Amino acid sequence: MDNNYLIPANANRGKLILGYFRPIDLTIFSIGVVCSLILLFIFQNSMSNTWIALATLIPAGIAIFLVLPIPYQHNILVLLQEIYRFYFVNRQRYIWRGWCNNYGKDIRKK
Numbered sequence: 000m001d002n003n004y005l006i007p008a009n010a011n012r013g014k015l016i017l018g019y020f021r022p023i024d025l026t027i028f029s030i031g032v033v034c035s036l037i038l039l040f041i042f043q044n045s046m047s048n049t050w051i052a053l054a055t056l057i058p059a060g061i062a063i064f065l066v067l068p069i070p071y072q073h074n075i076l077v078l079l080q081e082i083y084r085f086y087f088v089n090r091q092r093y094i095w096r097g098w099c100n101n102y103g104k105d106i107r108k109k
């Protein structure tokens with residue numbers, strides 16, 4: 000076979016925790032949940048106010064949103080990182096030089 004191996008697309012899932020999560024994903028998730036629990040303990044007397052109850056759940060909601068698996072990407076955090084790298088870090092400029100481009104000059108002479 001000349002050391003030519005065909006690796007399936009989901010081969011990297013074996014390296015992930017439970018097949019979906021990287022260690023950083025679980026760290027982000029646990030920090031968000033712990034922050035929400037701390038806020039719940041701090042504001043437990045004022046949980047009758049809906050806005051305070053929702054505000055205490057915001058860190059856990061953001062953490063869950065970031066580690067949510069999506070198709071064709073690992074999760075939303077990886078998608079946001081790739082968008083950032085594409086638009087701001089490794090931005091490349093492609094110049095079209097095809098047969099339909101006039102290259103900025105008028106070819107017809109009068």
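Residues 0 to 109 in numbering that gives the first Met the number 0 are what the sequence shown spells out, letter by letter. Built from N, CA and C at the ideal position, the CB exists for glycine as well. Values in this document were obtained by computation on a predicted structure and should not be read as measured data.
Review point. Using the rule of at least 16 other Cβ atoms within 10 Å of the residue's Cβ for burial, across every protein chain shown, is Q43 buried or exposed?
Key: exposed
Review point. Hey, which unbroken runs of the alpha helix (DSSP H) at 4 residues or more fall wholly within the region 8–74?
Key: 22–41 and 49–65
Review point. Taking A62 as the reference, which of P22, V32, Y19 and R21 has the closest Cα?
Key: V32
Exercise for review: Would you identify the three-state DSSP class for R84, choosing helix, strand or coil?
Suggested key: helix
Review point. From R90 to Q80, what distance separates their C-alpha atoms?
Key: 14 Å
Check your understanding: With burial defined as no fewer than 16 other Cβ atoms inside 10 Å of the residue's Cβ, what is the status of I23: buried or exposed?
Key -> exposed
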